[in-house]
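Below is one structure, written out as structure tokens, with a few remarks after it.
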Amino acid sequence: MYTTLEAFERRLGRAYCEIYATDAPRALADLATAQAEIDGKLARRYAVPLTGQIAGSLAAEWQLVLASELAFGNTASGDLPAKLQKRIDEVRKQLEAAASGDMLLPDAAESAETGATFIASDPPVFGRKNMKGY
Numbered sequence: 503m504y505t506t507l508e509a510f511e512r513r514l515g516r517a518y519c520e521i522y523a524t525d526a527p528r529a530l531a532d533l534a535t536a537q538a539e540i541d542g543k544l545a546r547r548y549a550v551p552l553t554g555q556i557a558g559s560l561a562a563e564w565q566l567v568l569a570s571e572l573a574f575g576n577t578a579s580g581d582l583p584a585k586l587q588k589r590i591d592e593v594r595k596q597l598e599a600a601a602s603g604d605m606l607l608p609d610a611a612e613s614a615e616t617g618a619t620f621i622a623s624d625p626p627v628f629g630r631k632n633m634k635g636y
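Sequential numbering of the sequence shown, starting at 503, is according to our numbering.
In structure tokens:
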């Protein structure tokens, strides 16, 4: 896990008690779901879970934001605060940028499974120009 339940509780403040009351397992499940979204996006490029200090702290912030979305979705109204919605959109853009290589995570280990495939073959024998009459 990139962050802790205590950090999540501090992030939500009074809303944490209203949303989760004494249901810590549900809060942990929301944190795990947020981490799965992060790892799912970044696994195309980086080895997950992220282990570098810089990448890990960035992932912890992303996890708190995405878990907050899940938390507010569990309320009776399901309404997200406007600032949180903007932050969620920004986090998802950053995740997409990191996965595509437009944003680099400097101390994150890149996935060993990425690479280029080179194919070598003889030049084509048959084509439109030399197939006339067949």
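Ideal Cβ placement from N, Cα and C applies to all residues, glycine included.
For clarity, every value in this text was computed on a predicted model and none was experimentally measured.
Backbone secondary structure at residue i - three-state DSSP
| i | result |
| --- | --- |
| Tyr518 | helix |
Pair within 8 Å by beta-carbon distance, residue i and residue j
| i | j | result |
| --- | --- | --- |
| Leu507 | Ala526 | yes |
| Phe469 | Ala557 | There is simply no residue 469 to check, as the chain begins at 503 and stops at 636 in what is shown. |
| Tyr548 | Ser613 | yes |
| Ile590 | Val627 | no |
| Ile540 | Leu582 | no |
CB-CB length for residue i against residue j, believed under 8 Å
| i | j | result |
| --- | --- | --- |
| Ala561 | Leu552 | 5 Å |
| Ala610 | Gly554 | 5 Å |
| Leu544 | Met503 | That belief does not hold up - the Cβ atoms of Leu544 and Met503 are roughly 15 Å apart, past 8 Å. |
| Thr505 | Gln565 | 5 Å |
| Glu571 | Leu586 | 7 Å |
Residue closest to residue i, alpha-carbon to alpha-carbon, out of the options
| i | options | result |
| --- | --- | --- |
| Gly515 | Lys588, Asp609, Ala573 and Ala534 | Ala573 |
| Tyr518 | Gly575, Gly629, Leu606 and Ala584 | Gly575 |
| Arg528 | Glu563, Thr577, Gly542 and Lys595 | Thr577 |
| Glu520 | Ser579, Pro608, Gly542 and Met633 | Ser579 |
| Gly603 | Arg546, Arg513 and Gly542 | Arg546 |
| Ser559 | Ala622, Gly542 and Pro608 | Pro608 |
N- and C-terminal bounds of the alpha helix (DSSP H) containing residue i
| i | result |
| --- | --- |
| Val567 | Gln555 to Gly575 |
| Pro527 | Ala526 to Leu544 |
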